[in-house]
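Residue numbers (my numbering): 16 to 511.
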């Protein structure tokens, strides 16, 4: 098909539409594409919900006229429609091929009606556009009254109440609607002007859509640059970190990609929506222009309400103003996470010292530690261990001291091993205070006994009541505790 008539093709399959249908979105499809349309109820071109459709009378008439012109232009054997003889003339008014005899009769009987028959040779010399324009020129609008005795009566009155063209006889007989009558040519020109005006308004709106469309495309490019720059910064920072920090950098990159993907999906959705509306506007513009160029009066009258409703619906489409650009996100949140991670890893910020000491750790007298450091155990000297077991009873704590078997000479123990669970002492309980004091005295006595048995200078520790009184309260929770006391001298005493 000629390039200037490509608009007659089905907008989905791009083939010549047989019985073309005009949808409410003003897209024209063939019957096969409408039957195969999925999802049902939506236009396969713009995916708009289609409420109704009607025959595209303009495209149907143009295709029929174009097919006739092709037959004449290709020089195929053309026969007269009346006597089946070789045709030599074409009448645009009658839309018939005529032989010489039929042409003479045609000229005799229809001369008063100004029928202009052309030779086929002259028609071949004309272009398709000129041929279609001649067909449109001689198209006549007839009275719409089906009960009219003369069905060929030309209509020259239009009733705006009934929305029908009438002849003068029918208009005179109908007195009820006489105030709604107007000249048919005036009505046609008004409808054409109305369609042109609506089309101009849509063109202004289309320009806004196109400008916003370009802004969104530019925004997508800028976001791409921001993403690339952000990823470069992430890579530079990650390279400065140790191996286990690189996993954090990969997570940040994934967040950038997710954010970019989300933004791109939003923009793509907006672009698709705008492409759909712009496509509909282009189609509406093309249809209105073709109607203005080729549509007959009858076609204008029949198709105007449907096209007007579709154009009004298209005018209701909203578009954001070109100046209202969406602020481009620069991934600041991810950059802040990256900077915080770098500061934490590189030690650029003061971090609180971790408290690795558990709350139940026993308190050790500094003097005891100093004594322990100042008097190291002589090499090769055996150090037995004494264990003090504290059993809680109704009358307080009952201490007992047990010594294990002798250790091998090559094994050395620390000077003191204290369980995290120490003695419990409460100031408000006098009975338990006396018990604790007595227990402290007993403990001191046991240690003193140990000192008497080991008179060397490396005696390990002396536990005073003051040390017990200042112990943390958490150490009193256990019912049974133990204190291990080492001595520099072996002994065979098992229990004290």
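Think of the CB as a built atom: it goes at the ideal place given N, C-alpha and C, for glycine as much as any other residue.
All of these numbers come straight from a predicted model, not from anything done at the bench.
Looking at C-beta atoms only, is the number of pairs between the region 284-303 and the region 178-189 that lie closer than 8 angstroms three or more?
Result no; under three Cβ-Cβ pairs closer than 8 angstroms.
Cα separation between residue 204 and residue 280?
In a straight line, the C-alpha of residue 204 is about 46 angstroms away from that of residue 280.
Do residue 199 and residue 170 come within 8 angstroms of each other at the CB atom, strictly closer than that value?
Going by C-beta atoms, residue 170 is nearer than 8 angstroms to residue 199.
With DSSP as the reference, label residue 64 as helix, strand or coil.
Here residue 64 sits in strand by DSSP.
By the DSSP assignment, the beta strand (DSSP E) with residue 104 in it spans what residues?
104-106 is the extent of the beta strand (DSSP E) around residue 104.
Limits of the unbroken alpha helix (DSSP H) element including residue 313:
Per DSSP, residue 313 belongs to the alpha helix (DSSP H) from 312-330.
Apart from the five residues on each side of it in sequence, which residues of its chain come closer than 6 angstroms, Cβ to Cβ, to residue 361?
Hits under 6 angstroms: none found.
Residue 132, DSSP secondary structure in three states
Three-state DSSP puts residue 132 in a strand.
Does the region 23-31 touch the region 77-90, meaning 3 or more C-beta pairs lie closer than 8 angstroms?
Counting Cβ pairs under 8 angstroms, three or more are found: they touch.
Which partner residues of residue 70 appear in the DSSP bridge assignment?
DSSP, once it has assigned bridges, lists 36 as partnering residue 70.
DSSP puts residue 172 in a beta bridge; with which residues?
Bridge partners of residue 172: 181 and 198.
Rounded to whole angstroms, what is the Cα-Cα separation between residue 327 and residue 223?
Note on geometry: alpha-carbon atoms of residue 327 and residue 223 lie some 17 angstroms from one another.
For the alpha helix (DSSP H) containing residue 353, list its first residue and its last residue.
Where residue 353 is concerned, the enclosing alpha helix (DSSP H) stretches over 347-361.
Straight-line gap, residue 290 to residue 193 (C-alpha atoms, nearest Å)
When rounded, the distance between both Cα atoms is 47 angstroms.
With a threshold of 16 other CB atoms inside 10 Å of the CB of residue 232, please say whether the residue is buried or exposed.
Residue 232 sits exposed, since fewer than 16 C-beta atoms from the chains shown fall within 10 Å of its C-beta.
Limits of the alpha helix (DSSP H) - the one that residue 111 falls within
Segment 111-113 is the beta strand (DSSP E) holding residue 111; no alpha helix (DSSP H) there.
What are the uninterrupted segments assigned as beta strand (DSSP E) that are 3 or more residues long and contained completely in the region 194-243, given in chain order?
Counting only unbroken stretches of 3 or more residues, the beta strand (DSSP E) elements lying wholly within the region 194-243 are 196-198, in sequence order.
Using the three-state DSSP reduction, which class does residue 85 fall into: helix, strand or coil?
Reduced to three states, the DSSP call for residue 85 is helix.
Here's a check: name, in chain order, each residue in its chain whose Cβ is nearer than 8 angstroms to the Cβ of residue 30, leaving out the five neighbours to either side.
Here the set comprises 24 and 45.
Reference residue 215, options 276, 202, 296 and 141, closest by Cα
Looking at the Cα atoms, 296 is the closest of the given residues.
Taking residue 346 and residue 147 to be in contact with their CB atoms under 8 angstroms, please state how far apart those CB atoms are, rounded to whole angstroms.
Not quite, the Cβ-Cβ distance comes to about 58 angstroms (not below 8 angstroms), so this is no contact.
Within a Cβ cutoff of 6 angstroms, which residues of the same chain sit near residue 319, ignoring the five residues on either side of it in sequence?
Excluding positions up to five away in sequence, the list reads 206.
So the candidates are 325, 158 and 355; which of them puts its Cα closest to the Cα of residue 64?
A check of alpha carbon separations from residue 64 across 325, 158 and 355 identifies 325 as the nearest.
For the region 256-271 and the region 35-50, state whether three or more C-beta atom pairs, one from each stretch, are separated by less than 8 angstroms.
Touching, no, given that fewer than three Cβ pairs across the two stretches are closer than 8 angstroms.
Going by DSSP in three states, residue 23 sits in which element: helix, strand or coil?
Note: residue 23 maps to helix in three-state DSSP.
Taking the alpha carbon of residue 212 as the point to measure from, which residue in 69, 330 and 56 has its own alpha carbon closest?
Sorting 69, 330 and 56 by C-alpha distance to the C-alpha of residue 212 places 330 at the top.
Classify residue 77 as helix, strand or coil using the three-state DSSP reduction.
Taken through DSSP and simplified to helix, strand or coil, residue 77 comes out as helix.
Just verifying my parser: in three-state terms, what is the DSSP assignment at residue 31?
In the structure shown, residue 31 adopts extended strand secondary structure according to DSSP, grouped into three states.
Boundaries (first-last residue) of the alpha helix (DSSP H) holding residue 50:
46-50 is the span of the alpha helix (DSSP H), which, as asked, contains residue 50.
Consult DSSP for residue 41 and reduce its assignment to one of helix, strand or coil.
Three-state DSSP puts residue 41 in coil, outside helix and strand.
So, using beta-carbon positions, are residue 271 and residue 250 closer together than 8 angstroms?
In this structure, residue 271 sits away from residue 250, with a CB-CB distance that is not shorter than 8 angstroms.
Going by beta-carbon coordinates alone, are residue 159 and residue 139 separated by less than 8 angstroms?
Cβ distance not < 8 angstroms, so residue 159 and residue 139 don't count as in contact.
What did DSSP end up calling residue 94 once you bin it into helix, strand or coil?
Strand.
Nearest to residue 288 (by Cα), restricted to the options 349, 307, 262 and 221:
Out of 349, 307, 262 and 221, 221 has the C-alpha closest to the C-alpha of residue 288.
Would you report the Cα separation of residue 372 and residue 274, rounded to the nearest angstrom?
Any reading at residue 372 is ruled out, since the residue's pLDDT is 39, under 50, leaving its predicted position unreliable.
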